[in-house]
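This report refers to the structure that appears directly beneath it.
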Amino acid sequence: MGGETGKSFGLGCDPVVGSLSSSRKREYRVTNRLQEGKRPLYAIVFNFIDSRYFNVFATVGGNRVTVYQCLEGGVIAVLQSYVDEDKDESFYTVSWACNVDGIPYAVAGGINGVIRVIDAGNEKIHKSFVGHGDSVNEIRTQTLKPSLVISASKDESVRLWNVHTGICILIFAGAGGHRNEVLSVDFHPSDIYRIASCGMDNTVKIWSMKEFWTYVEKSFTWTDLPSKFPTKYVQFPVYNASVHLNYVDCNRWLGDFILSKSVDNEIVLWEPKVKEQTPGEGVVDILQKYPVPECDIWFIKFSCDFHFNMVAVGNREGKIFIWELQSSPPVLIARLSHPQSKSPIRQTATSFDGSTILSCCEDGTIWRWDDVTN
Amino acid sequence: MVSKPTDSASKPRTQPGESANDAIGTLSFKINQLKKQIQAERVVYIKEKIQRNGKKLQCHMSGVMSAISTRGSSQTEGNRKIPILSSRIDHPLCKFNGFSSVSGDKDHNNQDALSATSIKIPCIERLPPYTSWIFLDRNQRMAEDQSVVGRRRIYYDQHGSEALICSDSEEELTEPEEEKHEFSEAEDRVLWMAFEEYGLNDEVLNIVSEFVGGTSLEIQERYKSIKEKNIGRLDQPSENSGQSESTIGICPEKSLSAALDSFDNLFCRRCLIFDCRLHGCSQPLIYPSEKQTVWSDPEGDRKPCSDQCYLQVKVVKCLSEDSNSCGAEQNKRTTIMEETDGVLASSIIEEPSNQSSLPFPSDVDCHGSLNLNVPILVSVEKRKVTDQSDTTHCDPKLPPDDSQNSCKKLKTISDDVVTVNSDSRKDINLCARDVLDKAVKHNSDKLIESSSTFHSDEPDKSIGDGPKDPTNKTEFKKLSNSMEGKVDGMISLSDWKPLEKELYLKGVEMFGRNSCLIARNLLSGLKTCMEVASYMHSGGVSMPHGSIIASSSIMEDKGKFDVECTDQEIPSRSRLLRKRGKTRKFKYSWKSAGHPSIWKRIADGKNQSCKQYTPCGFVQKAAKIGLEDAIVPRVNAEVDNAHALLQDGNVTQMSVGIAGCGDGSLGEPPRRGEGQCGNMRLLLRQQQRILLAKSDVAGWGAFLKNPVNKNDYLGEYTGELISHREADKRGKIYDRANSSFLFDLNDQASISHHLHFLLSCLAYVLDAYRKGDKLKFANHSSNPNCYAKVMLVAGDHRVGIFAKEHIDASEELFYDYRYGPDQAPPWARKPEGSKRDESTAPQGRAKKHQSH
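Protein chains in written order, with our numbering: chain L, 3 to 376; chain W, 756 to 1607.
This is the structure:
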């Protein structure tokens, strides 16, 4: 079954491991397949921050950012397509955001380290954030304040940006920061101050921006040049733990728990607990494991539906595993496979209610799976 | 549940007669049962936890949902502009029909047509790559948790998608030591149950250890600790009650040292900051050398500080009696007075009268009058020699020209500085006695060591130029006499809490015997001026502190004496006082290193040797003595307890640092602009403005804002101080990281990351990869315009970057970063062959791409 997380669990600390026998609670069928281009697609994401666009999604791959819409009957409509003039750009990540007026933005980043804020409401580039010293591996949006995005980079830093004003507000790096590429980052769903990040130093870190919140607020009213903003360094996380023994390439909050994934063929749900005596150094209570066979290469990211009922993750062989997240023990909702889907799935996108699963693959294809249970 | 502690007594143990097998059989069974129960409980626990968490999340998400669904509406109200994205929904660029529900395999949607309608994102030049780094204006010692030694690190090769584990040898792979087993709650339960019911014996232990982690020894210990805890739980309530009081504010019962604990432990006296990242905390206690200039308004000028002021008393009583001495005193215009009450415990060597906190140039004479009851004036001329290395222990040798008979004894040379010190101290006293009515002038040459373990005080003895005024007793003595009667009995000394007493002593140290200032600044709210004064004169105070045993026999006033400045030195001193800033510089410059006027006392009981200082073996200095211009022969310092090994090369390096400033011009301001006094600039951070910009060569580069001349100091190269072992490891990692990105490999990448400076004296390497300053971005060149030099600054080794030639404004900086053949750490020697064999990855190699 799942790989070992490196820890042997003491008596009474063992996690509940999900069984790989599918419950077939839901049945999904391929309804569309798209060859976007020749270059690998690294990210695919639904818009969860604006109910008008719940069926709109974006993909990135190569120097291209594309906006699609899922229509009835498996139809996928292309709404917008953006191409970076730099042919060497290779986007790794995209996230939906919007300005304070609710104009939708697609925020993308990649190997060049430049974050592109695309104004999808006006079909033009809104801003470009130059600052990261190396590739941007993931961008996420704060749902409560969708002008705030956070980016994880190979330069070992995590940065908080205001896409509305174009300000780099905070840099999470330094003495207590990551010691290798940061691969993934996520905002806490309810605690607006918290983020979790993980990366190639095998750690997961939780950061708090509570003390720096005035700067976040200031960023909304800043009228001077963005470069003059007093960007602050957050050097120490409030929590630091080695949950995995290898690269941690995706982490997401599930309430106050964290879902994270390494290259060990499983997703792990665990509770971060802070030791009283040594603040910062964390204890991990691993609660559940969601096995994902053949998922042992890094840069495979999973996705959840809006309500976090399920998680969908692809694997190296083009299969998708959908787990019921909040049942204990975990239930495998469905295992999706198709004879032509053989390429590693870099990321999945789960629609608002989980009825549609999208995947984007190394070979440049987009797959659409629809719930056909009824 | 853990069984109640009371069980332990009452529970019937297994009968000795019972067959061992039976007992063990039931034990295994019971443990298994318990285990199952524990696991079942765990499952329930997790389930509940997840449910609770889920509910909370659900509740929250519905809130988010409402925000999300109003997003469009608020926008249309405010802006009236419908996003193109919305209109695109009605008019998409194109549509791809899905598969028919049956046959999915046939059609293949292709998107190539799209490129025509794509919106261009204009090119933006990317930054040269860098890793996030922290600006450091001073070097830092590596924090423990930053070590890469013994840690597995995984690399991938972007082209080959091959992950490599970077740990060089088997030896490093093996975990240094078995971690101590941490018992989980469940394990506690198992072993508690087992031992409580079956007793603590080997058989039971064996069985238990099958179920519970940890060695049998650990298990036994754990059992004991649980037992204690359980028993303790019963007693707890009663214990708690006693404690809760106090702890509000300062507890006057605590000693001052306890109150100052965090100050003592966290304050770095070398950098004058808390939480020093270079020297660490809990440094051996070094008392601040700077005896603050004792505040001494001439007594006669003082106004009563309050109606509780002892002056109120004094004014009446002493007026006539003291007029003489007061007048004399005023003539003297004492500006600086030093109180050398022994403050420290008896083993402490008290420095006789250091005049001030200001770094006075060494050539200032300080003529002090000893406040003895035998009228005597001892002018002490002091020189402080700040030791270069801060670590040298120097045996004072006396200047050859000292001719004074009265001070023969001072010539004693001893290896042991401590004894020298105390000896010399005695000598002074003896001298004083000998020459009772003669003026004695001491030129005391102080060698200051930051090592904190001792200072040497070298009184050398030019005698008697100062005409001394027998009437020049301080008024204190008399005052005290006159006052004592008055104030006596007003307050009983027993009212003084330990903290107050110690605060008082500090006050005496700071303000002299000025009760007004002491009361106001240190004991406000605790004691009035009058109380302080009466305490001061009641005598008992200084008793316990009569550290200077010899002197106490001579000086009646419990070993106290005030050093006052005589007229002679006032001109120079006051001038210096005026230009405080300047003098500071002068001071530093005359000896190239040394922390501003640090001399220290040793706290007894404190560590006598200071680990972080590396005493250097032989430092030679030529120094001129202030007025006489006498040449002090080389001070040859040898350290008995030097625990750091120094290489000869380093000494040379240090000497280089030392030379070039200060020699021959002690006490004189260095002429500006010429003769670079390099480490002074480092100390004062008088650096050039460095700009960071894209290099003309590759990657980032450092540029100069303003033109500089040859040998000008440009700035300090700062970074993390790491051990050689750490450096080797990191070097490999940096190499590895670079070699993974051959397309990035350029001078910048290979050089700046690797720019370690070897501070081999200290067995440290400077690594600027993640922490440093902009100079780390200077590129390598075989024809450089800068050079780096290791200098000793205030006891710390630092790397200064200097101009090798005239450099124009906004020119890029280069240094030749070449290792000397023997200086290069192993990894810098281009281990061509070694790279391959490290790639054996025993476990868990991660790949980004599928292997084909």
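Ideal Cβ positions, reconstructed from N, Cα and C, are used throughout, including at glycine.
>> Taking 8 Å as the limit between beta carbons, can you name the residues of its chain near I78 (chain L), skipping five residues before and five after?
In response: N34, L36, Y70, Q71, C72, I368 and R370
>> Could you tell me the alpha carbon to alpha carbon distance between G1555 (chain W) and L1027 (chain W), rounded to whole angstroms?
In response: 21 Å
> How would you list, in chain order, the residues of chain L whose beta-carbon sits under 8 Å from the beta-carbon of E952 (chain W)?
Replying inline: Residues of chain L passing the Cβ test: none, with the nearest at roughly 18 Å.
>> Based on DSSP bridge pairs, tell me the residues matched to Y235 (chain L).
In response: L:I173
> Taking Cβ positions only, does S1478 (chain W) come closer than 8 Å to chain L?
Replying inline: no
> Leaving out five residues before and five after A108 (chain L) in sequence, what residues of the same chain have Cβ atoms less than 7 Å from its Cβ?
Replying inline: A60, V67, V69, V96, W98, I120 and A122
> Interface residues of chain W around L13 (chain L) at Cβ under 7 Å?
Replying inline: K790, I793, S939, A941, E942, V945, F966 and V967
> Which same chain residues, not among the five before or five after E1560 (chain W), have their C-beta less than 8 Å away from its C-beta?
Replying inline: K1465 and N1540
>> Please list the terminal residues of the continuous beta strand (DSSP E) segment that includes Y107 (chain L).
In response: From DSSP, the beta strand (DSSP E) with Y107 (chain L) extends over P106 to G112.
> Which bits of chain L does A898 (chain W) rub up against, with CB to CB less than 8 Å?
Replying inline: A177
> Is it the case that the Cβ atoms of R28 (chain L) and A336 (chain L) are separated by a distance below 8 Å?
Replying inline: yes
>> Within a Cβ cutoff of 8 Å, which residues of the same chain sit near S130 (chain L), ignoring the five residues on either side of it in sequence?
In response: V116, I117, R118 and V119
>> I want to verify the contact list: residues of chain L whose CB lies under 7 Å from the CB of R893 (chain W), in sequence order.
In response: Near R893 (chain W) there are no residues of chain L at all, since even the closest Cβ is about 14 Å away, more than 7 Å.
> Between the stretch 192-213 of chain L and chain W, which residues of the former have CB atoms less than 9 Å from a CB of the latter, in chain order?
Replying inline: Answer in chain order: S192, M202, D203 and N204.
> Is it the case that the Cβ atoms of Q144 (chain L) and F214 (chain L) are separated by a distance below 8 Å?
Replying inline: no
>> Which of the three DSSP states is assigned to A1014 (chain W) in this structure?
In response: Look at A1014 (chain W) here: in three-state DSSP terms it is helix.
> Taking only beta-carbon atoms, is C252 (chain L) less than 8 Å away from chain W?
Replying inline: no
> Does the separation of the CB atoms of T1473 (chain W) and A1533 (chain W) fall below 8 Å?
Replying inline: No; because the gap between Cβ atoms is not below 8 Å, this pair is not in contact.
> Where does the unbroken alpha helix (DSSP H) through E952 (chain W) begin, and where does it stop?
Replying inline: E940 to Y953
> Do S92 (chain L) and S887 (chain W) have their C-beta atoms within less than 8 Å of each other?
Replying inline: no
> Alpha carbon to alpha carbon, how far is G987 (chain W) from G954 (chain W)?
Replying inline: 21 Å
> Is the beta carbon of E942 (chain W) sitting closer than 8 Å to the one on V967 (chain W)?
Replying inline: yes
>> Please tell me whether I324 (chain L) and I347 (chain L) are closer than 8 Å, where the distance is taken between their beta carbons.
In response: no
>> Relative to the C-alpha of R1525 (chain W), which candidate in W:H815, W:A1558, W:Y1489 and W:L1438 has its C-alpha closest?
In response: W:Y1489
> How would you list, in chain order, the residues of chain L whose beta-carbon sits under 8 Å from the beta-carbon of F1532 (chain W)?
Replying inline: Here the premise fails: no neighbours, minimum Cβ distance about 12 Å.
> Expressed to the nearest angstrom, what Euclidean distance is found between the alpha-carbon atoms of S210 (chain L) and F174 (chain L)?
Replying inline: Taking the straight line joining both Cα atoms gives about 9 Å.
> Can you name the residues of chain W whose CB is closer than 8 Å to the CB of C100 (chain L)?
Replying inline: Result: R826.
>> Suppose contacts are defined by Cβ-Cβ distances below 8 Å. Is V85 (chain L) in contact with S873 (chain W) by that definition?
In response: yes
>> Between W:L1459, W:G1527 and W:D1528, which has its C-alpha nearest E1566 (chain W)'s C-alpha?
In response: W:L1459
> What is the DSSP secondary structure of D373 (chain L), reduced to helix, strand or coil?
Replying inline: strand
> Per DSSP, S357 (chain L) is paired with what?
Replying inline: According to DSSP, which records beta bridges pairwise, S357 (chain L) is partnered with nothing at all.
> By Cβ distance, which residues of its chain are closer than 6 Å to K291 (chain L), with the 5 residues on each side in sequence left out?
Replying inline: G4, P17, V19, E268 and V270
>> By alpha-carbon positions, which one of W:E973, W:M816 and W:N956 ends up nearest to S192 (chain L)?
In response: When only C-alpha atoms are compared, the closest one is W:M816.
> What are the start and end residues of the beta strand (DSSP E) that includes P274 (chain L)?
Replying inline: Per DSSP, P274 (chain L) is one residue of the beta strand (DSSP E) stretching across E268 to V276.
> Taking the alpha-carbon positions, what's the Q82 (chain L) to S1537 (chain W) distance?
Replying inline: 52 Å
> Under a CB-based cut-off of 8 Å, is F301 (chain L) close to chain W?
Replying inline: yes
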